[in-house]
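First the structure, in the form of structure tokens, and then the observations on it.
Chains as they are written, first to last, in my numbering: chain A, 1 to 501; chain B, 1001 to 1215.
So this is what it looks like as structure tokens:
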């Protein structure tokens, strides 16, 4: 399968047929929804939970309203702590900057903590090809996906769609693990295998959950302990963060942390939260000698200028929206063709790629609002996705949205005109009914020539009934009038009384 | 124009109306609030740690002897924190016939190989959080990061008066200034659910965590 957003429809057709995967993912979503709902009760009843989410949304609003100021404050304080801050306009520049650090510090091997931004910029592939380094993902799910060469299935559980047998097969094939279907044995083998890599790595690369402006600190969240290794053992630590990951202070950061973990894995807090303030000091042994933060834009600052699209930067990557989405739960991650599947992919991908390439993503959404109802950072997914649709129709140079073709535009113009004029509407319906029913077979219209052919590719339409609703309504009224008239003839006194009454 | 300048210019030139007040404060506790020991024990236990309330560091020493003997541990690494110095490590070493090394005695080149071979790592902590059963470690040359992470069994010694109510109290302490290079909040045992949603303890960190609440 060629996994790209442009192939959404064709890949979705394949994935939707995978009944076992679908059932498993729906089961997983049910479990996580239960865990997350239970974890949120720590705030109190429903209204208290709403207040906690509202506070999270307010924190994100504050961060976005003061983004430039907070980034500069973070940079100043990080520099004071001995962290070097680099800025990258796009994925290419970010990769080149990290490559420069690899060369500067003569790095041969890299261990990594799970980082969505590194996936977004394609860092692993770039460094292995351009810098000749060996990279080991530290998170178990991410490591499996790396060995398998596929996209992460979910931003929190990258290999959550794979069976034990599939995981065992991948590990046996790539790292010579003796085949076992016992989860504890699999974990134990990978622990030993990766620990050696952690100890020997020259450079550690991580993402950033939150950058705290007031102190120039980084907050990193995990359960497995790979990030602790990656930030403690190698001589160099490079942290990658997108521009929106900054917040004002620890009060904000710790509130968001509670919302993040409760909506991510249903935990009050993860096993480890690392707060990093700089490279190791002269008398210390653990921790990097040199520490860098690469602040990556990759299209976000353009989105930021749009009053509605800036809200796409609210996301704290908890992944809760994914397990609410009826589309994602049926087709899985592959059709999205990129590293952010589900609603967050629908919202983020058009900003970073372009509106044309990602059209099927934001158009496949049913606008049910499930994602929005649980979002702890107050994102208006529906407003953003309908905004993308409007931008696509009108065309938008900023986000690579080519105006829809003249045929489609003309079709919608005619439709709009018809909907506004009852006479035209009636005439149009009459013609359309005849046109559609001519192509009916066994009560269904299964295909159509011309511009409507795409719509019928994966849908059947029932044959139009003999009469329209308006005609049936008219018939009903006429029948009622006739019966009233008949009663008046048969019982003239009763009819007269009714009229007087 | 540099990327930095370009990004900041775009962010500053956004035409939508920003509120005039620069920032709103969400929630910052006014003062330090002590946490409930019972809650700390309950939450830490739920997170997978084994928690024992003991009266003194002498009791901790006795329990450590039992642990080392039961698990037949050969190498123990300890941090150079003040409260750990009250334990007689030499006596413990003789009783258990194990090697106990403080990181203060380990030269840099030997430290890493010793800490990854150690079966037990023992540290104190700066704070603990009752809300989540978390121990908060302040890392420095006297509490190196991997002592609490590389060994299979990690023991943390918490004094009752180090237990804070929740993360918001910790946030107010952090917001008043951080001087150390790194802090770690440890809650229970390293874990993963990446193999078909089965929770397995001991992914990359300690397989076992024991917390002694002293006092």
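For glycine and all other residues, C-beta sits at the position ideal for the given N, C-alpha and C.
Keep in mind the model is a prediction, meaning the values are calculated, not measured.
- At a cut-off of 8 angstroms, the C-beta of residue 254 (chain A) has a neighbouring C-beta in chain B.
- Residue contact with chain B for residue 83 (chain A): absent (no Cβ-Cβ distance below 8 angstroms to any residue of chain B).
- With its beta carbon at least 8 angstroms from every one in chain B, residue 290 (chain A) lies outside the interface.
- In summary, the residues of the stretch 213-224 of chain A whose CB is separated from some CB of chain B by less than 7 angstroms are 214, 215, 217, 223, 224, in the order they occur in the chain.
- Nearest CB-CB separation between residue 1181 (chain B) and chain A: below the 8 angstroms threshold.
- For residue 1006 (chain B), the enclosing alpha helix (DSSP H) starts and ends at 1003-1012.
- Residue contact check for residue 1116 (chain B) against chain A: a CB pair falls below 8 angstroms.
- Between residue 1135 (chain B) and residue 1125 (chain B), the CB-CB gap stays under 8 angstroms.
- For secondary structure counted as the beta strand (DSSP E) over 3 or more consecutive residues, the stretch 122-185 of chain A holds these complete runs in sequence order: 134-137.
- Between residue 1182 (chain B) and the set A:488, A:42, A:215, A:74, the nearest pair of CA atoms involves A:215.
- When Cβ-Cβ separations below 8 angstroms define contact, residue 250 (chain A) makes contact with chain B.
- Contact between residue 207 (chain A) and residue 115 (chain A) holds: CB atoms are separated by about 3 angstroms, below the 8 angstroms threshold.
- Short of 6 angstroms from the beta carbon of residue 124 (chain A), and not among the five residues preceding or following it, lie these beta carbons of its own chain, in chain order: 135.
- The contact set of residue 1184 (chain B) on chain A, defined by CB atoms closer than 8 angstroms, consists of 228, 272, 273, 274, 275 in chain order.
- Residue environment analysis places residue 78 (chain A) among the buried positions, since at least 16 neighbouring C-beta atoms fall within 10 angstroms of its C-beta.
- Taking one beta carbon from each stretch, the stretch 475-493 of chain A and the stretch 427-437 of chain A have fewer than 3 pairs nearer than 8 angstroms; the two do not touch.
- Inter-residue distance for residue 310 (chain A) and residue 221 (chain A) is about 25 angstroms (C-alpha atoms, whole angstroms).
- Three or more beta-carbon pairs separated by less than 8 angstroms link the stretch 199-213 of chain A to the stretch 94-110 of chain A, which places the two stretches in contact.
- When secondary structure is reduced to three states using DSSP, residue 461 (chain A) falls in the strand class.
- In the assembly as shown, residue 239 (chain A) is a buried residue. Its beta-carbon has 16 or more other beta-carbons within 10 Å.
- CA-CA distance, residue 1170 (chain B) to residue 1164 (chain B), rounds to 7 angstroms.
- Assignment of beta-bridge partners to residue 1102 (chain B) by DSSP yields B:1078.
- Partner residues in the beta bridge of residue 211 (chain A), as assigned by DSSP, are A:218, A:246.
- Secondary structure at residue 1212 (chain B): strand, using DSSP grouped into helix, strand and coil.
- Counting only Cβ-Cβ distances below 9 angstroms, residue 305 (chain A) has contacts in chain B at 1010, 1011, 1013, 1014, 1015, 1016, in chain order.
- In the three-state DSSP reduction, residue 316 (chain A) falls in the coil class, being neither helix nor strand.
- In the pairwise beta carbon analysis, the stretch 1038-1050 of chain B is classified as touching the stretch 1188-1198 of chain B: at least three pairs are separated by under 8 angstroms.
- In terms of CA proximity to residue 1167 (chain B), A:258 leads the group A:80, A:491, A:258, A:367.
- For residue 55 (chain A), the uninterrupted alpha helix (DSSP H) segment begins and ends at 46-65.
- Residues of the stretch 90-109 of chain A with a C-beta less than 7 angstroms from any C-beta of chain B: 93, listed in chain order.
- Here residue 143 (chain A) has 137 as same chain residues with Cβ atoms under 6 angstroms from its own Cβ, once five neighbours each way along the sequence are excluded.
- Of the candidates A:199, A:169, A:198, A:196, the residue whose Cα lies closest to the Cα of residue 186 (chain A) is A:169.
- Cβ neighbours of residue 357 (chain A) within its own chain (closer than 7 angstroms, five residues either side excluded): 5, 6.
- Burial check for residue 74 (chain A): the Cβ neighbour count within 10 Å reaches 16 or more, so the residue is buried.
- Contact annotation, residue 1060 (chain B) with residue 1054 (chain B): C-beta distance approximately 6 angstroms; criterion of less than 8 angstroms satisfied.
- Secondary structure of residue 1072 (chain B) (DSSP, three-state): coil.
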